[in-house]
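S.K.:
2 protein chains.
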Amino acid sequence: MNRPMRSRRQATLASLAAELGVSRTTVSNAYNRPDQLSPELRKRVLETAKRLGYAGPDPVARSLRTRKAGAVGLLLTENLSYAFRDPAAVGVLEGLALACEDAGVGLTLVPGSPGNEDVAAVHRAGVDGFVVYSVPDDDPHLEAALQRPVPTVIVDQPQLEGLDRVGPDDEAATIDLANHVVGLGHRQVGVLCMRLSSDRNDDFVSLYRQQDAHYHVQRARLAALQRTFEAAGVSWESVPVVERFDHHVDDGASAARQLLDKHPRVTALICTSDILALGALAEAGRRGLRVPADLTITGFDGIGEATRAGLTTVHQPVLEKGKAAGTLLLGAGDRVASKVITLPTELRVGTTSGPPRTAEQHWFGP
Amino acid sequence: MNRPMRSRRQATLASLAAELGVSRTTVSNAYNRPDQLSPELRKRVLETAKRLGYAGPDPVARSLRTRKAGAVGLLLTENLSYAFRDPAAVGVLEGLALACEDAGVGLTLVPGSPGNEDVAAVHRAGVDGFVVYSVPDDDPHLEAALQRPVPTVIVDQPQLEGLDRVGPDDEAATIDLANHVVGLGHRQVGVLCMRLSSDRNDDFVSLYRQQDAHYHVQRARLAALQRTFEAAGVSWESVPVVERFDHHVDDGASAARQLLDKHPRVTALICTSDILALGALAEAGRRGLRVPADLTITGFDGIGEATRAGLTTVHQPVLEKGKAAGTLLLGAGDRVASKVITLPTELRVGTTSGPPRTAEQHWFGP
DNA sequence: TGAACAAACCGTAACGGTTCAGAACATGGT
DNA sequence: ACCATGTTCTGAACCGTTACGGTTTGTTCA
Chain H
1 MNRPMRSRRQ ATLASLAAEL GVSRTTVSNA YNRPDQLSPE LRKRVLETAK RLGYAGPDPV
61 ARSLRTRKAG AVGLLLTENL SYAFRDPAAV GVLEGLALAC EDAGVGLTLV PGSPGNEDVA
121 AVHRAGVDGF VVYSVPDDDP HLEAALQRPV PTVIVDQPQL EGLDRVGPDD EAATIDLANH
181 VVGLGHRQVG VLCMRLSSDR NDDFVSLYRQ QDAHYHVQRA RLAALQRTFE AAGVSWESVP
241 VVERFDHHVD DGASAARQLL DKHPRVTALI CTSDILALGA LAEAGRRGLR VPADLTITGF
301 DGIGEATRAG LTTVHQPVLE KGKAAGTLLL GAGDRVASKV ITLPTELRVG TTSGPPRTAE
361 QHWFGP
Chain A
1 MNRPMRSRRQ ATLASLAAEL GVSRTTVSNA YNRPDQLSPE LRKRVLETAK RLGYAGPDPV
61 ARSLRTRKAG AVGLLLTENL SYAFRDPAAV GVLEGLALAC EDAGVGLTLV PGSPGNEDVA
121 AVHRAGVDGF VVYSVPDDDP HLEAALQRPV PTVIVDQPQL EGLDRVGPDD EAATIDLANH
181 VVGLGHRQVG VLCMRLSSDR NDDFVSLYRQ QDAHYHVQRA RLAALQRTFE AAGVSWESVP
241 VVERFDHHVD DGASAARQLL DKHPRVTALI CTSDILALGA LAEAGRRGLR VPADLTITGF
301 DGIGEATRAG LTTVHQPVLE KGKAAGTLLL GAGDRVASKV ITLPTELRVG TTSGPPRTAE
361 QHWFGP
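First to last, the protein sequences are chains H and A.
FYI, the numbering for the first sequence is 1 to 366, going by full-length UniProt numbering.
FYI, the numbering for the second sequence is 1 to 366, going by full-length UniProt numbering.
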């Protein structure tokens, strides 16, 4: 124990009132409505409180009475590290925390009971609302949150009718990016993507698995790529897509390795996140491939390290995303219609994208 | 509003009991002690609950009665971004979140009411304990937390007698690093450090300010550097130290610029964090300085990006730090003595440190 | 037959506050 | 002397739950 021993039992508002010979109401007012009692009495109350080691009204009891928990809950995907290791996710967290701080409420990370579908923690969380960040379409925790009589806001995914949501237009953004790559002349491309479903598949991805992905964001990005490349005359079936369940830089590297080993003629690697792209970049270096001369690499998100590495990517305002989610939730009290906020994205062309290697340019020669 | 309209008033345990014609105790038992009632009745209770839109016992009321909030509070420094932008801090957060998840409790980020000393949020937080991360020696929020009748664990700083704490041995680790730099032959060094006090000073630091720093960690690191370099015959007064209030890569770059502009003959830049070092690295590149041929740069923390950049740094196990804080706090219930956990650190020599430039080696020549 | 015991359920008293409608008293205006 | 107004404080109800110590009912077994 690192606290000094107080009296036999912790002081309460009632014991304080008894000690002072005043009513509980008065003590309560001393803390919450200073104008409701004389300054002298208030001073006496506060002094006695200090003497008795009373740190003010119990937050939980107060919450019960006022029907305000003073905190919003954040539901992350089952794997916490997944969220903390990606600066894009951390950015959302920061934005949300900022919004909460502004409103003077806490932000509670609700334990996800990794792996299993134990949803009890969602029911046990003393919060005034939930922000659900990037979970699969049929996530049980989301469902549990919706059962609670508090508002819920979704960030990124899933996209559900009638629910508040904030996120970018993944499809439009990806089309932009794909057009950039197509415009450079690439026709032999490969794709590195994140987890598509809750069953692990660190391997190439079938067309079916792409379309059946449980994660809306990945599904939308892949679909947008498919659409754009097919419009450019590239058969999507011929485009190798490699998936990674985990989401570290090393996973991006190993995915790039796997893809390039099998498809060495690929001239561009489109990654659905910057983290994966950074890994791909490392792998390219390891293979002695010059970027972008030998290989174009693109990311998605626009995290700081990507900018520093000169990565061509789609930047999305993650901080604003978190903030928007927070303000949306905190202002959801008496709103009647659901609200969807679409955030702007920006294609940022860096130094990792360029025309395909000259060896292949005879395709376009005279 | 994004929730369907329930009945006139939210269902409670009592209304459910009334509807069913059983006692509240029984309904409570249906949720908390299934063995205390017949399976049929329990099923009936749960079904009726679903029909009435009752999502289970109210968490706040339950907390009041059981005297368990089911969450621990995290107190960060006044500036949230400060914490989220540094992967080292995020690592601690992740570790702590992991420990909380294991224990099935939430992790609440307590709003710090930026800048001002409004400590109310600490008193309003419904939590079973506090983790205080890296705050100045006299932080009012820490003081407020200690007043609450719940255990508190400190991470990194401050170092206070009789309080639980987890952190590395900053002094020993820094001495290791300094000896490495000294051993390479550097005698003209500069230092980039983080905020030393709550008053902003983006400038060179006086000796007095170094020793009077309100942040224990920075004070310890600077003191260790001073000790080691003076032992090597370097007058510490001649060593330029530049401070940055904020803590982004750009701040490291500008600090390096400021220092090198005034002291171009410096052969090594010791930074008290990897973030600052990464900035210094960028600035060196901008100046056309080769690292380490022209300039040695070192960091502190061992974050991922630093490793990828080949930075010479001191690695500390941030994830374990957070985890240790969590387990320490969660197990603090009936402990009687305060506990201090010192984490191991490791000097990681990368490709950014080497002997000083040859031009100056005539100092040591025959 | 009835004592013993387990299973199923219940009543009451907290848990520690906030809120609201007044009571008691003083002040000032007419 | 009377009423209106304001200040300061109080009593009781209520927030939704769980802990604790019962009671009731049914079964088993000597």
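Ideal Cβ placement from N, Cα and C applies to all residues, glycine included.
No experiment lies behind these values; they were computed from the predicted model shown.
Give the C-beta separation of A/Val-153 and A/Val-131 to the nearest angstrom, bearing in mind that I take them to be a contact with Cβ-Cβ under 8 angstroms.
M.R.: Correct: roughly 5 angstroms between the Cβ atoms.
S.K.: What is the rounded straight-line gap between the Cα of H/Asn-29 and the Cα of A/Ala-121?
M.R.: Computed Cα separation, rounded: 18 angstroms.
S.K.: Classify A/Val-340: buried if its beta carbon has 16 or more other beta carbons within 10 angstroms, exposed otherwise.
M.R.: Counting Cβ neighbours within 10 Å, A/Val-340 comes out exposed, since fewer than 16 surround it.
S.K.: Check the Cβ of A/Thr-108 against every Cβ in chain H and list those closer than 8 angstroms, keeping chain order.
M.R.: Near A/Thr-108 (Cβ distances below 8 angstroms), the residues of chain H are Ala-71, Gly-106, Leu-107, Thr-108, Leu-109.
S.K.: What does A/Glu-19 reach in chain H if we use C-beta pairs closer than 9 angstroms?
M.R.: None at all; the shortest Cβ gap to chain H is about 17 angstroms.
S.K.: Mapping the DSSP letters down to three states, classify A/Leu-46 as helix, strand or coil.
M.R.: Three-state result, A/Leu-46: helix.
S.K.: In chain A, which residues lie with their C-beta within 7 angstroms of the C-beta of H/Leu-98?
M.R.: Those within 7 angstroms of H/Leu-98 in chain A are Leu-80.
S.K.: Could you have a look at A/Glu-230 and say whether DSSP puts it in helix, strand or coil?
M.R.: A/Glu-230: helix per DSSP, three-state reduction.
S.K.: Give me the Cα-Cα distance between H/Ala-17 and H/Ser-38, rounded to the nearest whole angstrom.
M.R.: Rounded to the nearest angstrom, the two C-alpha atoms are 15 angstroms apart.
S.K.: Quick test of the definition: if touching needs 3 or more C-beta pairs under 8 angstroms, does the segment 84 to 95 of chain A touch the segment 73 to 88 of chain H?
M.R.: Cβ pair count under 8 angstroms is three or more, so yes.
S.K.: Within 10 angstroms of its Cβ, does H/Ser-134 collect 16 or more other Cβ (buried), or is it exposed?
M.R.: Label assigned to H/Ser-134: buried.
S.K.: Please confirm whether H/Gly-326 has its beta-carbon closer than 9 angstroms to some beta-carbon of chain A.
M.R.: Chain A, which has no Cβ nearer than 9 angstroms to the Cβ of H/Gly-326, makes this no.
S.K.: Pop quiz: A/Val-189 and A/Val-239 are said to be a contact at Cβ under 8 angstroms. What is the actual Cβ separation, rounded to whole angstroms?
M.R.: A/Val-189 to A/Val-239, Cβ: 6 angstroms. Contact.
S.K.: Just by C-beta distance, which residues in the segment 115 to 128 of chain A are closer than 7 angstroms to chain H?
M.R.: Here the close residues are Ala-121, His-123, Arg-124, Ala-125, Gly-126.
S.K.: Compute the distance between the beta-carbons of A/Val-110 and A/Leu-142, then report whether it is under 9 angstroms.
M.R.: Cβ atoms of A/Val-110 and A/Leu-142: not closer than 9 angstroms.
S.K.: Could you tell me whether the Cβ of A/Val-60 comes closer than 9 angstroms to any Cβ of chain H?
M.R.: Closer than 9 angstroms to some Cβ of chain H, the Cβ of A/Val-60 qualifies, so yes.
S.K.: Would you mind reading off the limits of the beta strand (DSSP E) that contains A/Arg-121?
M.R.: Note that residue 121 of chain A is Ala in the sequence shown here, rather than Arg. Counting along the chain, A/Ala-121 falls outside any beta strand (DSSP E), though it belongs to the alpha helix (DSSP H) covering 120 to 124.
S.K.: To the nearest angstrom, report how far apart A/Glu-101 and A/Ile-303 are at their CA atoms.
M.R.: C-alpha separation (whole angstroms): 23 angstroms.
S.K.: What residues from chain H crowd round A/Phe-84, counting only those whose CB sits closer than 8 angstroms?
M.R.: Neighbours of A/Phe-84 on chain H, chain order: Val-90, Gly-91, Leu-93, Glu-94, Ala-97.
S.K.: Go ahead and pull the three-state DSSP assignment for H/Glu-243.
M.R.: Three-state DSSP puts H/Glu-243 in a strand.
S.K.: Show which residues of chain H have a CB atom less than 8 angstroms away from the CB atom of A/Arg-148.
M.R.: Those are Ala-55, listed as they occur along chain H.
S.K.: Does A/Ser-273 have its Cβ less than 9 angstroms from a Cβ in chain H?
M.R.: For A/Ser-273, the answer is no, since every Cβ of chain H falls outside 9 angstroms of its Cβ.
S.K.: Select from the segment 300 to 321 of chain H all residues with a C-beta closer than 8 angstroms to any C-beta belonging to chain A, and list them in chain order.
M.R.: Residues passing the 8 angstroms Cβ filter: Gly-304, Glu-305, Arg-308.
S.K.: Identify, in the order they occur along the chain, each residue of the same chain with its Cβ nearer than 6 angstroms to the Cβ of A/Arg-221, setting aside the five sequence neighbours on each side.
M.R.: Excluding residues within five positions, the ones whose Cβ falls inside 6 angstroms are Asp-170, Thr-174, Thr-272.
S.K.: Quick one: is H/Ala-293 buried, meaning 16 or more other Cβ sit within 10 Å of its Cβ, or exposed?
M.R.: Classification of H/Ala-293: exposed, given that the 10 Å Cβ count is below 16.
S.K.: Leaving out the 5 sequence neighbours to the left and right, which residues in its chain are closer than 7 angstroms to H/Leu-319 when beta-carbon positions are compared?
M.R.: Hits under 7 angstroms: Gly-91, Glu-94, Gly-95.
S.K.: Anyone know if the C-beta pair for H/Ala-97 and A/Gly-106 falls short of 9 angstroms?
M.R.: Not a contact, by the Cβ cut-off of 9 angstroms.
S.K.: Less than 8 angstroms between the CB of A/Ala-253 and some heavy atom of the ligand COA, yes or no?
M.R.: Judged by which ligands are present, the structure shown has none, so any question about the ligand COA falls away.
S.K.: What does H/Ala-173 pair with, by DSSP beta-bridge criteria?
M.R.: Paired residue(s): none; H/Ala-173 is not in a bridge.
S.K.: How is H/His-186 classed by DSSP in three states: helix, strand or coil?
M.R.: The answer is coil: DSSP assigns H/His-186 none of H, G, I, E or B.
S.K.: Would you be able to state if there are at least three C-beta pairs under 8 angstroms between the segment 189 to 209 of chain H and the segment 144 to 158 of chain H?
M.R.: Result no; under three Cβ-Cβ pairs closer than 8 angstroms.
S.K.: With DSSP as the reference, identify every bridge partner of A/Phe-204, one or two as the case may be.
M.R.: A/Val-242.
S.K.: Between which two residues does the beta strand (DSSP E) carrying H/Ile-270 extend?
M.R.: 268 to 271 is the extent of the beta strand (DSSP E) around H/Ile-270.
S.K.: Which of the residues in the segment 236 to 268 of chain A, read from start to end, lie with their CB under 9 angstroms from any CB of chain H?
M.R.: Flagged, chain order: His-248, Val-249.
S.K.: Is there a Cβ of chain A sitting closer than 9 angstroms to that of H/Ser-28, yes or no?
M.R.: No, its Cβ sits nowhere closer than 9 angstroms to a Cβ of chain A.
S.K.: Note down, in chain order, every chain A residue with its Cβ under 9 angstroms from the Cβ of H/Leu-64.
M.R.: Those are Asp-58, Val-60, Ala-61, Ser-63, Leu-64, listed as they occur along chain A.
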